[in-house]
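See below for the structure under consideration.
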Amino acid sequence: MKILGIETSCDETAAAVVEDGRSILSNQIASQVEIHARYGGIVPEVASRQHVLAIVPIVRQSMVAAQVTWDDIRGVAVTKGPGLAGSLLVGVNVAKAISLARELPLTGVNHLEDHIYANWLTGSGVDFPVLCLIVSGGHSDLVLMRGHGDYLRVGRTRDDAAGEAFDKAARILGLGYPGGPAIEQAAGNGTDCLNLPRAWLAGTYDFSFSGVKTALLRMVQAGKISSPADAAASFQLAVVEVLVTKTVAAAKEYQVKHILVAGGVASNKLLRQRLGEESPLPVLVPELILCTDNAAMIAACGYYHFQAGKMDGLDLDVSPGLKLG
Ligand code: KG4
Ligand code: ZN
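For the sequence shown, the working numbering begins at 6 and goes up steadily by one.
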């Protein structure tokens with residue numbers, strides 16, 4: 006069953022064709038990162054206009070690369086939220102138009118759920134229950150998944166998301182945008198010597214990253230940072246340590262079979278390495294290109310929606326503030 010996935014929740018315009026929720030036939034991504042880098046962050050109005058320009062060519066490319074015709078496609082899956090309203094609207098309306106023109110079933114998917122389903126594209130088997138650490142530009146959630154479509158959020162960020170914290174720290178250190186890869190690269194030449202604070206929020210699986218960001222800002226303002234590389238290494242470790250410790254503790258409490266990591270921050274090598282070392286359970290992490298926004302994960306997630314009979318009509322709307330669990 007070949008599904009076309011469409012993703013426009015943020016600053017990547019993406020389309021992909023995936024077979025049976027597991028085999029990627031194509032995965033096309035048009036990134037706007039260079040355009041937004043000029044402004045030091047995403048400008049929503051610019052993002053939606055770029056999606057309008059890129060979406061039709063990207064869908065066409067995804068069909069050509071997959072060597073399929075419309076007759077081969079059995080359904081269309083699209084991100085309905087969370088994300089930027091004006092960006093989501095582009096993908097949702099194109100998906101509706103295709104559904105109408107080709108009489109194809111349509112399903113709107115939750116972007117957080119999409120990121121989780123990137124783990125079904127790794128080739129490894131997944132046994133439920135699993136604990137998912139979703140760490141992206143907008144979210145840091147710990148979600149217990151007991152079956153397809155069955156989610157219970159057990160932890161969340163109380164302020165900044167992990168990716169947002171990386172982006173803000175990079176801005177504070179003048180390392181550029183997007184911040185996660187910039188911090189990771191700079192950290193490679195530094196050592197963790199600043200001993201930045203960790204917010205443990207004992208007794209909960211919640212996260213808080215605004216304190217560590219503010220501590221970094223104060224040190225910069227006080228002229229105490231002589232090496233941006235050391236500052237990046239210290240910041241990265243402070244965030245990763247909390248993410249890993251809480252994830253491993255929650256996995257033990259909920260007696261899951263696997264830990265799944267998802268979202269842009271899942272591409273961070275220190276996070277991948279530390280989780281692998283400290284978890285007594287198997288840890289699944291998607292390959293790098295499937296951690297950040299892409300449409301293969303949308304199509305994979307859509308396949309399981311269709312299997313469960315979850316479909317939407319042409320009244321499908323965007324849900325910019327959608328939550329999971
Ligand atoms: O999942 P994603 O592509 O978009 C959202 O749905 O938000 O995540 C983007 C976020 C950005 O905040 C970016 O700085 C962060 O993921 N990120 C990283 C790395 N690569 C991307 N954070 C830490 N280390 C990385 N290597
Ligand atoms: Zn995302």
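C-beta: ideal position from N, C-alpha, C; glycine also. Fair warning: this is a prediction, and the values are worked out from it, not measured in the lab.
Task: Residue range of the unbroken beta strand (DSSP E) whose run includes threonine 112 - done: Looking up residue 112 in the sequence shown gives position 107. 111-115 is the span of the beta strand (DSSP E), which, as asked, contains threonine 112.
Task: Shell residues, 5 Å Cβ cut-off relative to heavy atoms of the ligand KG4 - done: Ser141, Gly142, Gly143, Gly168, Phe171, Asp172, Pro183, Gly184, Gly185, Pro186, Glu189, Gly268, Gly269, Val270, Ser272, Asn273, Thr297 and Asp298
Open item on the list: Does the contact criterion of 3 or more C-beta pairs under 8 Å hold for the segment 233-244 versus the segment 183-196?
Closed with: Touching, yes, given that three or more Cβ pairs across the two stretches are closer than 8 Å.
TODO: Hey, could you find the ends of the alpha helix (DSSP H) aspartate 16 is sitting in?
DONE: For the purposes of this step, residue 16 is taken as the residue at position 11 of the sequence shown. It is not in any alpha helix (DSSP H) - aspartate 16 carries neither H nor E in the DSSP assignment.
Open item on the list: Taking the beta strand (DSSP E) that arginine 3 belongs to, which residues open and close that run?
Closed with: Because residue 3 is not part of the residues shown, which for the chain are 6 to 330, the question remains open.
TODO: Measure the CB-CB distance between glycine 307 and alanine 70 and report whether it falls below 7 Å.
DONE: Here the question's residue 307 lines up with position 302 in the sequence shown. Here the question's residue 70 lines up with position 65 in the sequence shown. No; because the gap between Cβ atoms is not below 7 Å, this pair is not in contact.
Task: Close-in-space but distant-in-sequence residues of the same chain around glutamate 246 (CB under 7 Å, 5 per side omitted) - done: The residue you call residue 246 lines up with position 241 of the sequence shown. Excluding positions up to five away in sequence, the list reads Arg203.
Open item on the list: In chain order, what are the residue ranges of uninterrupted alpha helix (DSSP H) at least 4 long that sit wholly in the segment 60-118?
Closed with: 90-107
Task: N- and C-terminal bounds of the alpha helix (DSSP H) containing valine 253 - done: For the purposes of this step, residue 253 is taken as residue 248 along the sequence shown, with counting starting at 1. Note, valine 253: alpha helix (DSSP H), 233-258.
Task: Proximity of serine 145 and phenylalanine 212 at Cβ, strictly below 7 Å - done: On the sequence shown, residue 145 is found 140 positions in, with the first residue counted as 1. On the sequence shown, residue 212 is found 207 positions in, with the first residue counted as 1. Yes, these two residues count as a Cβ contact at 7 Å.
TODO: Might you give, ordered along the chain, the residues of its own chain that have their beta carbon closer than 6 Å to the beta carbon of threonine 162, omitting 5 neighbours on each side?
DONE: In the sequence shown, counting from the first residue as 1, residue 162 sits at position 157. Cβ-Cβ distances below 6 Å link threonine 162 to Ser145 and Phe212 in the same chain, with the five nearest sequence neighbours on each side left out; the list follows chain order.
Task: Helix, strand or coil at alanine 198 according to DSSP, with G and I counted as helix - done: For this step, residue 198 is matched to residue 193 along the sequence shown. Reading off the sequence shown, one finds cysteine at residue 198, where the question assumed alanine. Three-state result, cysteine 198: coil.
- [ ] Please report the residue range of the alpha helix (DSSP H) in which aspartate 310 lies.
- [x] Walking along the sequence shown from the start, residue 310 turns up at place 305. A small fix is needed here, since residue 310 is histidine in this sequence, not aspartate. Here the alpha helix (DSSP H) through histidine 310 covers 301-312.
Open item on the list: I need the straight-line Cα distance from isoleucine 47 to aspartate 155, nearest angstrom please.
Closed with: As a working note, residue 47 is residue 42 in the sequence shown. As a working note, residue 155 is residue 150 in the sequence shown. Using only the alpha carbons, I get a separation of about 32 Å.
Task: Member of Leu275, Ala255 and Gln278 whose CA lies at the smallest distance from the CA of methionine 150 - done: Residue mapping note: residue 150 aligns to position 145 of the sequence shown, counting from 1. Ranking the options by Cα distance to methionine 150, first place goes to Ala255.
Open item on the list: I'd like to know whether the C-beta atoms of lysine 251 and tyrosine 210 end up nearer to each other than 7 Å.
Closed with: On the sequence shown, residue 251 is found 246 positions in, with the first residue counted as 1. On the sequence shown, residue 210 is found 205 positions in, with the first residue counted as 1. It is a contact, given that the beta carbons lie within the stated cut-off.
Open item on the list: Alpha carbons only, please: which of His120, Gly330 and Met224 is nearest the one belonging to glycine 10?
Closed with: As a working mapping, residue 10 is identified with position 5 in the sequence shown. Per the Cα distances, His120.
Task: threonine 209 in three-state terms, based on DSSP - done: The residue you call residue 209 lines up with position 204 of the sequence shown. Three-state DSSP puts threonine 209 in coil, outside helix and strand.
Open item on the list: Once DSSP output is grouped into helix, strand and coil, what is the label at alanine 166?
Closed with: As a working mapping, residue 166 is identified with position 161 in the sequence shown. Coil at alanine 166, not helix or strand.
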